[in-house]
Amino acid sequence: MKLFELAYACRLYGVFSNSDSTYCRFRENTTPAFDILDHLHRKALFVWLNSWGCRQFALSFHDKASDHLRIWGQENLTRIPPARASLLTLTDLDFVNAGTLYVGLRDLQASVRQRNGNSYSVTFDPTGAAKTLFALRNQVFPPWDASIRVRLGYDDSQESYVEYLQWVRRELREVAADAEAHGIAASDIPNTLDRPFSSLPKLVDEYNWVTIRNGFKPLSLEDINNWWRWARPVDPAPDNTA
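Its first residue numbered -1, the sequence shown is counted upward by one per residue in my numbering.
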């Protein structure tokens, strides 16, 4: 992925996606950072997840799901990357821990539903697990929607999640190298693209949302050159009538 491709996709995401407002509200409600052991932060998490289409978190079950998440957090604090960690610098052990965190959340109970007089358990599922990890460490974990997961050839497994993280890191390293060649530090990419509230992993998710989920192809260099040529002032034709 090149910087100009990411810039194009993120510009479209900012225009066509309605997700920014609820995500910014979640960030405001969990400032300075999401704390999984804080009851109010967990409450804000489930409200935000509902707004992002995670219907497995039934409103009537938020408190119970919050208890399950708190217990999971207490049991896994040592596996969660440090607050200043970055996907770009994860170690092999970090990826192993990420897979463990993901599968534990994936199978965690989110709610209970009724069907034909019977009750059955609903889990966080892959999307809910990935978005919870994103909330925990947005510089490390990207969101992972089902439509994008399937289109990229991944499944719901722990192995696929780790492979996806590694794929996102490869994409980010290519973008970061391209940005550096243009005098832009990796940490400055979100501001440069006018996406100040988006982490680097989220920028890749925005790219995927635009290009994979919605089918907008990045501009080609030929497109850009044509647009640049059309945008240049054209000298008026000489007046030969005088």
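Where a beta carbon is used, it is the ideal one built from N, C-alpha and C, also for glycine.
Considering only the alpha carbon of each residue, which of the options lies closest to residue i?
{"i": "residue 81", "options": "176, 133, 94", "result": "133"}
{"i": "residue 187", "options": "137, 229, 113, 43", "result": "137"}
{"i": "residue 70", "options": "103, 229, 114, 148", "result": "103"}
{"i": "residue 99", "options": "124, 41, 36, 38", "result": "124"}
{"i": "residue 96", "options": "112, 116, 114, 75", "result": "75"}
{"i": "residue 31", "options": "52, 195, 165", "result": "195"}
{"i": "residue 130", "options": "47, 212, 182", "result": "47"}
{"i": "residue 5", "options": "229, 233, 214, 228", "result": "214"}
Starting from the C-beta of residue i, find all residues in its chain whose C-beta is less than 6 Å away, skip the five residues before and the five after it, and write them out in chain order.
{"i": "residue -1", "result": "169, 172, 173"}
{"i": "residue 88", "result": "none"}
{"i": "residue 43", "result": "133"}
{"i": "residue 101", "result": "156"}
Do residue i and residue j have their C-beta atoms within less than 9 Å of each other?
{"i": "residue 24", "j": "residue 109", "result": "no"}
{"i": "residue 83", "j": "residue 106", "result": "no"}
{"i": "residue 3", "j": "residue 217", "result": "yes"}
{"i": "residue 85", "j": "residue 139", "result": "yes"}
{"i": "residue 166", "j": "residue 199", "result": "yes"}
{"i": "residue 12", "j": "residue 135", "result": "no"}
{"i": "residue 41", "j": "residue 15", "result": "no"}
{"i": "residue 154", "j": "residue 211", "result": "no"}
{"i": "residue 141", "j": "residue 228", "result": "no"}
{"i": "residue 91", "j": "residue 68", "result": "no"}
Measure how close the beta-carbons of residue i and residue j come, nearest whole angstrom, since I'm counting them as under 8 Å.
{"i": "residue 158", "j": "residue 152", "result": "4 Å"}
{"i": "residue 163", "j": "residue 59", "result": "The Cβ separation is near 29 Å, so there is no contact."}
{"i": "residue 8", "j": "residue 205", "result": "7 Å"}
{"i": "residue 1", "j": "residue 177", "result": "5 Å"}
{"i": "residue 39", "j": "residue 28", "result": "5 Å"}
Residue i by DSSP, collapsed to three states: which one?
{"i": "residue 118", "result": "strand"}
{"i": "residue 17", "result": "coil"}
{"i": "residue 232", "result": "coil"}
{"i": "residue 193", "result": "coil"}
{"i": "residue 137", "result": "coil"}
{"i": "residue 111", "result": "strand"}
{"i": "residue 8", "result": "helix"}
{"i": "residue 183", "result": "coil"}
{"i": "residue 102", "result": "helix"}
{"i": "residue 54", "result": "coil"}
{"i": "residue 145", "result": "helix"}
Keeping to the same chain, check which residues put their C-beta closer than 7 Å to that of residue i; ignore five residues upstream and five downstream.
{"i": "residue 77", "result": "95, 98, 99"}
{"i": "residue 161", "result": "152"}
{"i": "residue 10", "result": "208, 214"}
{"i": "residue 203", "result": "140, 141"}
{"i": "residue 52", "result": "125, 126, 129"}
Spatial neighbours of residue i within its chain, please: CB distance less than 8 Å, with the 5 preceding and 5 following residues excluded, ordered by chain position.
{"i": "residue 120", "result": "54, 56, 107, 108, 109, 110, 111"}
{"i": "residue 18", "result": "12, 195"}
{"i": "residue 117", "result": "110, 111"}
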